[in-house]
Amino acid sequence: MAYHMVHPKFKFNGHACKGADLKELGYSLVKEGADFEKVIGDFLLDWCDGSPMIPVHTSGSTGAPKKVFLEKIKMYNSAMATGGFFNLGPGTKALHCMPSSFIAGKMMLVRAMVLGWEITCVPPSSRPLIPSGVYYDFSAMIPLQLENSLDKISQIGVVIIGGAPMSIELKNSVQYINTHIYETYGMTETITHIAAKRINDTAREGSGNFIALPQVSLATDNRNCLVIDAPQISNEKVITNDVVHLVSDTEFQWLGRFDNIINSGGIKLVPEQIETKLSELISSRFFVAGIPDKTLGQKLVLVVEGNRGVEALWQGIKSLHTLTKFEIPKEIFSVHEFVETKNGKVQRVKTLHLAMA
């Protein structure tokens, strides 16, 4: 099968690596590598084991983490789609700074192997190691990594951001950077992203929309949630819990999570839209949620990370003209530190329980 073929231009940390060398590289990393390299080695050995499937763990940000099995040929197809969408062919210099224990990190390795990239792997951290004076064509990061790398991000040609939505403040901070920065949409089941939108190209018509990768078709169900038809990467249509405005069968605007929607006194509130408005005021991490209320059914509350003064925050919220009266939180909770998954995603339910304890 095609996924067994390692591109002749593939390089790992500066060294050419042919298909026959891949298993030896995996063994070497497992035996002698740093902790993050051992994970890479394990994945390379899994990739070479002859099975058509590979185990991957979901992140657990919207539910309990679980092990799923993905077809290697589908991962190959996903890598080819990414290469085509971003025009990243053989010889692309890629910086890999994501944990390889999750799908985003694994796919960086797959792209490098099948597309013939020269990949440099650095320890995954909230502040990626970007060597001074070294230029890369491509990298993938979470928003926190981008935020902590703004002083060096211009050394990378294209950066894709996933794992969590980007804040308004972060989007504003990258508007005048030459790097092409894309927010991506996807999940483990779709083998990372199936759509992307350029963040720092706001002058372009439709720049606020996600554009589907090649051979991906989109629709919505009766909840207005996105339905993904991508036969190259999934044998079945993927029915999501993401409420969207569908512009066409290849373009959409993301509105929020259906399972996060709050019904407060008969008014449906979309937390993500409210959070976008509040991000103009709050610089620390925060989210809004609904908790049981005898009168309203659910009432809107705000959960903030850190020890920010509640009274000053109340005054700021009341002065935000973009908020409707229904979008003003009824209560504010603060916690010292949000609960996260292993790869840094905020666990809203557990954090809310902690805040209310």
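Quick note: the sequence shown uses UniProt numbering, first residue 1, plus one each step.
For glycine and all other residues, C-beta sits at the position ideal for the given N, C-alpha and C.
All figures in this text were calculated on a predicted structure; none of them were measured in a lab.
On the CB-based measure, 16 or more other CB atoms within 10 Å of its CB, does GLN175 come out buried or exposed?
For the purposes of this step, residue 175 is taken as residue 175 along the sequence shown, with counting starting at 1. Its Cβ having fewer than 16 others within 10 Å, GLN175 is exposed.
Option in ILE262, GLN232, ASN235, VAL227 with minimal Cα separation from HIS245: Counting from 1 along the sequence shown, the entry for residue 245 is found at position 245. Nearest option by C-alpha distance: VAL227.
query = Near ARG223, what residues of its chain come up, given a Cβ to Cβ distance below 6 Å and the 5 sequence neighbours on each side ignored?
reply = Translated into positions along the sequence shown, residue 223 becomes position 223. Excluding positions up to five away in sequence, the list reads PHE258.
Check your understanding: Which of helix, strand or coil does DSSP assign to LEU218?
Key -> Here residue 218 is taken as the residue at index 218 of the sequence shown, counted from 1. Three-state DSSP puts LEU218 in a strand.
Check: Nearest CA to the CA of GLY306: which residue from THR324, SER319, PHE338, ILE317?
Finding: As a first step, residue 306 is located in the sequence shown; it is residue number 306 there, counting from the start. Here the closest residue by C-alpha is PHE338.
* Asked: Which residue from ALA20, ILE40, PRO329 puts its Cα closest to that of GLU275?
  -> Mapped onto the sequence shown, residue 275 falls at position 275. Nearest of ALA20, ILE40, PRO329 to GLU275, Cα basis: PRO329.
Check: Which residue or residues does DSSP assign as beta-bridge partners of ALA140?
Finding: Counting from 1 along the sequence shown, the entry for residue 140 is found at position 140. ILE160.
Cβ-Cβ distance between PRO143 and MET166 below 9 Å: Here residue 143 refers to the residue found at position 143 when the sequence shown is read from its first residue. Here residue 166 refers to the residue found at position 166 when the sequence shown is read from its first residue. Yes, they are a contact pair.
- Query: From ASN77, PRO123, GLY83, pick the residue whose C-alpha is nearest to that of ILE40; which is it?
  - Reply: Your numbering for residue 40 matches position 40 in the sequence shown. Of the candidates ASN77, PRO123, GLY83, the one whose C-alpha sits nearest the C-alpha of ILE40 is PRO123.
Same chain, Cβ closer than 6 Å to GLU37, neighbours up to 5 away in sequence not counted
To locate residue 37, count along the sequence shown from 1; it is residue 37. Correct list, in chain order: LEU29.
### Query
If you draw a straight line from the C-alpha of GLN347 to the C-alpha of HIS353, how long is it?
Here residue 347 corresponds to residue number 347 of the sequence shown, with the count starting at 1. Here residue 353 corresponds to residue number 353 of the sequence shown, with the count starting at 1. Computed Cα separation, rounded: 10 Å.
### Message
Assess contact between the stretch 110-119 and the stretch 246-253, defined as three or more Cβ pairs (one per stretch) separated by less than 8 Å. Is contact present?
### Response
no
Whole-angstrom Cβ separation of MET53 and PHE69, contact assumed at under 8 Å?
The residue you call residue 53 lines up with position 53 of the sequence shown. The residue you call residue 69 lines up with position 69 of the sequence shown. With a Cβ gap of about 4 Å, MET53 and PHE69 count as contacting.
* Exposed unless 16 or more other CB atoms sit within 10 angstroms - verdict on HIS96 -> Against the sequence shown, residue 96 aligns to sequence position 96. That one is buried.
Practice problem: Could you tell me the boundaries of the alpha helix (DSSP H) in which TRP47 lies? | Solution: In the sequence shown, counting from the first residue as 1, residue 47 sits at position 47. It spans 35-47 - the alpha helix (DSSP H) in which TRP47 sits, taken as one unbroken run.
Checklist entry - Between GLY89, GLU340, LYS237, which lies nearest to LYS9 when the distance is taken from Cα to Cα? => result One-based indexing of the sequence shown puts residue 9 at position 9. Looking at the Cα atoms, GLY89 is the closest of the given residues.
Query raised in the report: How far does the alpha helix (DSSP H) with GLY89 in it reach, from first residue to last?
Result: The residue given as residue 89 occupies position 89 in the sequence shown. Unbroken run through GLY89: none, as it is neither H nor E.
* Is the beta carbon of THR240 sitting closer than 9 Å to the one on ALA104? -> As a first step, residue 240 is located in the sequence shown; it is residue number 240 there, counting from the start. As a first step, residue 104 is located in the sequence shown; it is residue number 104 there, counting from the start. No, these two residues do not count as a Cβ contact at 9 Å.
Exercise for the section: Determine the contact status of VAL158 and SER173, defining contact as a CB-CB distance below 9 Å. Expected result: Taking the first residue of the sequence shown as 1, we reach residue 158 at position 158. Taking the first residue of the sequence shown as 1, we reach residue 173 at position 173. Not in contact: VAL158 and SER173 (Cβ atoms no closer than 9 Å).
Using the three-state DSSP reduction, which class does LEU226 fall into: helix, strand or coil?
Within the sequence shown, numbered from 1, the residue matching residue 226 stands at position 226. LEU226: strand per DSSP, three-state reduction.
CB-CB under 6 Å to ASN77, same chain, minus the five flanking residues each way: which ones, in chain order?
For the purposes of this step, residue 77 is taken as residue 77 along the sequence shown, with counting starting at 1. Here the set comprises GLN232, ILE233.
Checklist line | Three-state secondary structure assigned by DSSP to MET5 | finding: As a working mapping, residue 5 is identified with position 5 in the sequence shown. Correct three-state label for MET5: coil.
- Check: PRO271 C-beta below 8 Å from any heavy atom of the ligand GDP: Questions concerning the ligand GDP fall outside what the structure shown contains, since it holds no ligand whatsoever.
* Asked: So the alpha helix (DSSP H) LEU300 belongs to, where does it begin and stop?
  -> Position 300 of the sequence shown, counting from 1, holds the residue named residue 300. No alpha helix (DSSP H) contains LEU300, which is instead part of the beta strand (DSSP E) from 297-305.
Q) DSSP on LEU278, reduced to helix/strand/coil? A) What you label residue 278 is simply residue 278 of the sequence shown in a count that begins at 1. Three-state DSSP puts LEU278 in a helix.
Return the chain-ordered list of same chain residues with a C-beta closer than 7 Å to the C-beta of PRO271, the five sequence neighbours on each side being excluded. Translated into the one-based positions of the sequence shown, residue 271 becomes position 271. Once the five neighbours on either side are set aside, the close Cβ partners of PRO271 are GLY256, ASN260, ILE262, PHE287, VAL288, ALA289.
*Of the listed residues ARG285, ALA355, GLY162, nearest to GLU169 (C-alpha basis)*: Here residue 169 corresponds to residue number 169 of the sequence shown, with the count starting at 1. The option with the nearest alpha carbon to GLU169 is ARG285.
Boundaries of the alpha helix (DSSP H) in which ARG348 is found, first to last residue = In the sequence shown, residue 348 corresponds to position 348, counting from 1. Segment 348-356, the alpha helix (DSSP H) holding ARG348.
request  = Return the chain-ordered list of same chain residues with a C-beta closer than 7 Å to the C-beta of ASN200, the five sequence neighbours on each side being excluded.
outcome  = The sequence position of residue 200 within the sequence shown is 200, counting from 1. VAL174, GLN175, ILE177, ILE181, listed in sequence order.
_Using DSSP's beta-bridge definition, name the partner residues of LYS330._
The residue labelled residue 330 in the question sits at position 330 within the sequence shown. None; LYS330 has no bridge partner.
### Message
Suppose contacts are defined by Cβ-Cβ distances below 9 Å. Is GLY208 in contact with GLN253 by that definition?
### Response
As a first step, residue 208 must be located in the sequence shown, where it is residue number 208. As a first step, residue 253 must be located in the sequence shown, where it is residue number 253. In this structure, GLN253 lies closer than 9 Å to GLY208 by Cβ.
* Name the two residues that bound the continuous alpha helix (DSSP H) containing ASN172. => Counted from its first residue, the sequence shown places residue 172 at position 172. First-last of the alpha helix (DSSP H) with ASN172: 168-173.
Using the beta-carbon count (16 or more within 10 Å), is ALA357 buried or exposed?
The residue labelled residue 357 in the question sits at position 357 within the sequence shown. ALA357 is exposed by the Cβ-count criterion.
Exposed or buried, which one is VAL304 when buried takes at least 16 other CB atoms within 10 Å? Stepping through the sequence shown from its first residue, residue 304 is reached at position 304. With 16 or more Cβ atoms within 10 Å of its Cβ, VAL304 is classed as buried.
For LEU150, which residues of its own chain have a beta-carbon under 8 Å away from its beta-carbon, when the five flanking residues on both sides are left out?
Indexing the sequence shown from 1 puts residue 150 at position 150. Same-chain partners within the cutoff: SER173, VAL174, ILE177.
Contact under 9 Å by Cβ, PHE326 with LEU300:
The sequence position of residue 326 within the sequence shown is 326, counting from 1. The sequence position of residue 300 within the sequence shown is 300, counting from 1. Their beta carbons are under 9 Å apart, which means PHE326 touches LEU300 by this criterion.
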